[in-house]
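With numbering that gives the first Met the number 0 applied, the sequence shown covers 0 to 217.
The next block holds one structure in the form of structure tokens; read it before the comments.
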Amino acid sequence: MNENLKQVKKFNSIKKSCFQRLVSLGFDENKLESHYLNSAIVESEEGKLRDFIWSKYHELLHENAQDLQKQSQIHWSMAVFSYDYENGKNTLQQKDLSHKARLLNYEILSLQQNSLNYRIVIIPGKCSICQSEKDKNYTIEEMRSNPVIPHKNCDCSGFGCICMYGLTTLRDENGDLIWNEDSFDYTNKSRKIKTNDKLAREGAGAIISFLNLFKKKR
């Protein structure tokens, strides 16, 4: 295969993969293709394609300015993009922004539903450094002022630290919820509450599903 054909193949591979990611995050597919055609980028201009894709991520951030959970997902996808196609120059920064958006989302949730004592847990990656966070919990304030993840000295290969924040509630030695009495909602006292283990499993499952959107062979 000559050099030009290799460039075209790589160009189209990047375009297909990244456009799929953008669409999965909510970018209208027809709008995306229209913007691409209007850009007049040709198949030999990989750098311009990467710049175009990056600009579309920023459009998504602007469109979802009020949706912190979506912002977290977009920043994480930008981290993956940077790792895959830009030698990782913005990967750590985008991971940080992803985690900050998620923490802020949890903080707002805890203020809106302040009858419970919320804690941040970390759903860890596979390396020993990431696994050291297993079974720990932190206040939201602790993580806002002194964030634990992403681990800078992580031993996970490739993309590095994939730890994620999760949200749980404090319980007593019997496993019962510890309520904030000053803001207690007695109408909801008998409501069935999920256990910490179940919350952790569901959180891990959701994050694994999210990460699988960007999984590729390395």
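All C-beta atoms, glycine included, are put in the ideal place defined by N, C-alpha and C.
Length of the line joining the Cα atoms of residue i and residue j
{"i": "V147", "j": "G157", "result": "20 Å"}
{"i": "S144", "j": "L102", "result": "11 Å"}
{"i": "Y185", "j": "I139", "result": "Model confidence at Y185 stands at a pLDDT of 45, short of 50, so the residue's coordinates are unreliable; what they give is reported in the following sentence. Looking at the two C-alpha atoms, the distance is approximately 25 Å."}
{"i": "Y35", "j": "Q93", "result": "24 Å"}
{"i": "N29", "j": "H57", "result": "18 Å"}
{"i": "D27", "j": "N152", "result": "38 Å"}
{"i": "N116", "j": "N11", "result": "49 Å"}
{"i": "R49", "j": "N173", "result": "54 Å"}
{"i": "E180", "j": "T167", "result": "18 Å"}
{"i": "W178", "j": "Q19", "result": "44 Å"}
{"i": "L4", "j": "C129", "result": "42 Å"}
For residue i, the nearest candidate out of the options (CA to CA)
{"i": "C17", "options": "N3, S38, K55", "result": "K55"}
{"i": "K14", "options": "Q65, S109, E172, V41", "result": "V41"}
{"i": "H98", "options": "D66, C162, K47", "result": "C162"}
{"i": "S127", "options": "I107, Q112, Y117, D154", "result": "D154"}
{"i": "I107", "options": "E44, Q65, N173", "result": "Q65"}
{"i": "G165", "options": "D171, S76, S109, E172", "result": "S109"}
{"i": "L67", "options": "R20, D83, A100, Q111", "result": "A100"}
{"i": "V22", "options": "K69, L4, E85, D134", "result": "K69"}
{"i": "Y84", "options": "G124, N113, K47", "result": "K47"}
8 Å Cβ cutoff met for residue i and residue j
{"i": "V120", "j": "N136", "result": "yes"}
{"i": "I52", "j": "F80", "result": "yes"}
{"i": "L96", "j": "P149", "result": "no"}
{"i": "R118", "j": "L169", "result": "yes"}
{"i": "Q6", "j": "S38", "result": "no"}
{"i": "E45", "j": "K9", "result": "yes"}
For residue j and residue i, believed in contact at Cβ under 8 Å, the rounded distance
{"i": "G242", "j": "L59", "result": "Beyond the ends of the chain as shown, which are 0 and 217, falls residue 242; an answer cannot be given."}
{"i": "I73", "j": "N63", "result": "7 Å"}
Terminal residues of the alpha helix (DSSP H) in which residue i lies
{"i": "R118", "result": "Not the alpha helix (DSSP H): R118 falls in the beta strand (DSSP E), residues 117-122."}
{"i": "T168", "result": "No alpha helix (DSSP H) contains T168, which is instead part of the beta strand (DSSP E) from 163-168."}
{"i": "Q72", "result": "67-84"}
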